[in-house]
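What follows is a set of notes on a single structure, which appears directly below.
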Amino acid sequence: MRRGDIPEALADPCLWPTVDVTALTGERQDIYQRREQAVCAYLRGETRADIEQRFGVSRASLARLVARCLSPHQDGRIQGLRALIPHTRAKDYQRVKPAARILSQGGLSGALGQLFERLPQLVGIIERQISTSALGLSKNNRIYGLLDVQSKIIAACREAGLTAQDYPLNRDEMGYRSLARWIRKRLEQRIPLRLPRQDDAWDTTSRPYSVVELDGHKLDLRVRVRYIDSTGVSVDIESERLFVITLIDVCTRIVLGWQLVPAPEYDHHDVLCAIQDALRPRLKRQDFSIPGLGYRPGAGFVADVLPELSYACWDVLKVDNAASHLTEDTFEPICRFVRCRLEAGPIGEPTSRPFIERFFGTLTNRMSRKVTGTTGRSPDDPLGKQGRTVPVPLLITLPELEELLDVSIANYHAAAHSGLNGRSPLEALQLAAANHATPIRTLAPLLRGRLHQLQSVHLSTVRGSAASGVAPYISLYGARYSNEVLQRTSGLIGQKIRVYIQPNDMRTIWAYLSNGADLGQLSVLDGWRYSRHTLKLRKRILRERRLGRLKFAGEQDPVVLFADAQRRAARGSRKRGTVVLQLDAASMSTETASPPSSPSTDTAPVAPIARSPTPAFVDLGDLKMQNN
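Under the numbering used here, the letters of the sequence shown match residues 532 to 1159, in that order.
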């Protein structure tokens, strides 16, 4: 190596890693000291001829020794004077024996170098990533772009015919650490001086369901709802934007559950519904309304591949410290029921929940931006500008969106993830569940039918009068509830009972005595019992009545009356379109779930709101089933 090629920062050997000469004995000490003197003399500017004459180090050996001193060490620094110690290894170890061990077992030294010799195109992948600055060293000496290049290498290995029995596919981290060390050496050859590494610990976990992140995300797309107005004319209107509340497992990136909220904002009831969904097992759909829509090979949910993990529990729940999340008594029942700990992060700081924020980015790229009518990431987004000009009749509907969301998440579970060393979330879950010593907790069978207890408890006073012939009942959110057991227990009049609501279907609630004894499900009375409705709709209808804009009593169905009023006034109003969308969502559920029976009368049929048979225009590129 010529003196002119040595960076100024490396010209002083006093700054190099040094050697304790007293640890060397006899001949080795003498050899080291002559090498050290020769290298230092060269750096001071002495000629190679003089150095060879004084210290007995040839010109060729001197150049080799200087290059060795400036080469990177595995500790992140240059070799320095350590390279001059006699009989130290000058080049990397080369493996001869095939790397045939599996998973986390040892005995694989030199396997990466052996792999590169077998598949030299892998080195080319790394070099291309370095040349384009997609792979490099940051100012804090961290390697950036490592996960992406590992995914490319794993894909190339699979294309070359390597199987799960071959290195690196037979490793639990797919050779991540060895690759990191190799790439660091390669990078430090280009940037000789490196400071000692100060790597921070990864904010992650190695055990599934140890840490779960929860957050809400506004979907950047327009949604259409079609209804039949009072004159019998079909009308398409646009709603306000929707939210999706999601829970994701940090270790495996599995999406545990979600709640689609057709409203301009979500509340703590929606959050609790999402948590309930995360605890329930979910399976793939069988039918789709969108032509060509389907799952990719390997796509699915936890219950599809590991049914034994149905009703799995987590240890830590990380949430945003926003008001919609942390209303009074929101999470206390969850922590008690699931036996988990709550971690509330700062408001508006997504870095405290990086994994779910990254998933939202993936969801945006794979679904929202592929749907006709996307609003884009910003006002200047070209896709958003185009999507905002799409006519309302071409927009996606809520049922279609639910299908797309289901398929997008299922396909995401089967896609290689850079944060999982090239494995898919489902593969990562299967591997972790099979090899981790601590089993994943699941809800006890008796608790699986009590997920309603995740909701906040209401204390309601039992009303009624034996003298007047009014059977016992309770009032909750402007409606009366009762059942046969309660009506026959007049002794409860005046006492308080514990009640849990079902926000997605307010026709039934769960009731318990003050001592915890089960009273069973209470059904809503009067006209409220005819149509399925959410808590949001109930509150909106009651508000309209308080303002004098809606009147109903007795057996009149408030939901139907409200729906008719909204349809008459919905043209051109996105806010009213959201209301009609909520009504539409409620009525659709009646097709699969029959209304509860009333203690006093039979239920009446529910008239569904008309929906469009025409599917929205959707780019199925990342969603459609792969047939090859």
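The beta-carbon is built from N, C-alpha and C at its ideal position, and this holds for glycine as well. Keep in mind the model is a prediction, meaning the values are calculated, not measured.
Please determine, among E704, V921, V552, S939, the residue with the shortest C-alpha to C-alpha distance to G950.
E704
To the nearest angstrom, how far is the alpha carbon of L596 from that of G655?
29 Å
Bridge-paired residues (DSSP) for G1051
A1042
Going straight from the alpha carbon of L1044 to that of R1019, what length do you get?
One Cα belongs to L1044, the other to R1019, and the distance between them is close to 14 Å.
Straight-line Cα distance separating P885 from V938
23 Å
Closer than 7 Å by C-beta to E583: which residues in its own chain qualify, once you throw out the five before and the five after it? Chain order, please.
S589, R590
Three-state secondary structure (DSSP) at F886?
Here F886 sits in helix by DSSP.
How should R659 be labelled, buried or exposed, when 16 other C-beta atoms within 10 angstroms of its C-beta is the threshold for buried?
exposed
Between Q790, I685, P617, which lies nearest to L745 when the distance is taken from Cα to Cα?
Q790
DSSP has H989 in a bridge; who is on the other side?
V1030
Helix, strand or coil, according to DSSP, for G788 in the structure here?
Secondary structure of G788 (DSSP, three-state): strand.
Given S669, which residues of its chain have a CB within under 6 Å of its CB, disregarding the five upstream and five downstream residues?
Around S669: Y675.
Can you tell me the Cα-Cα spacing of K1163 and R900, whole angstroms?
Absent from the model: residue 1163. The displayed extent of the chain is 532 to 1159, so no value can be given.
For P548, collect the residues of the same chain with a Cβ closer than 6 Å to its Cβ; drop the 5 residues on either side in sequence, then sort them by chain order.
R608, G611, R613
So the beta strand (DSSP E) E744 belongs to, where does it begin and stop?
742–749
Alpha carbon to alpha carbon, how far is N942 from K815? Give it in angstroms, no decimals.
11 Å
Using 8 Å as the threshold, is the C-beta distance between I927 and L752 below it?
yes
Rounded to a whole number of angstroms, what is the C-alpha to C-alpha distance between D551 and H618?
Approximately 16 Å between the Cα atoms of the pair.
Is it the case that the region 1061–1079 contacts the region 999–1014, given that we only count it when at least three CB pairs across the two stretches are under 8 Å?
yes
How many angstroms separate the CA atom of V1055 from the CA atom of T1039?
6 Å
My output table needs one value for R595: the three-state DSSP class, helix, strand or coil.
helix
Taking the DSSP output, what are the residues bridged to A946?
DSSP, once it has assigned bridges, lists no residue as partnering A946.
Following the continuous beta strand (DSSP E) through I1005, name the residue where it begins and the one where it ends.
1001–1007
Considering Cα atoms alone, identify which of L546, A998, P1003 is closest to S991.
P1003
Go ahead and pull the three-state DSSP assignment for S996.
strand
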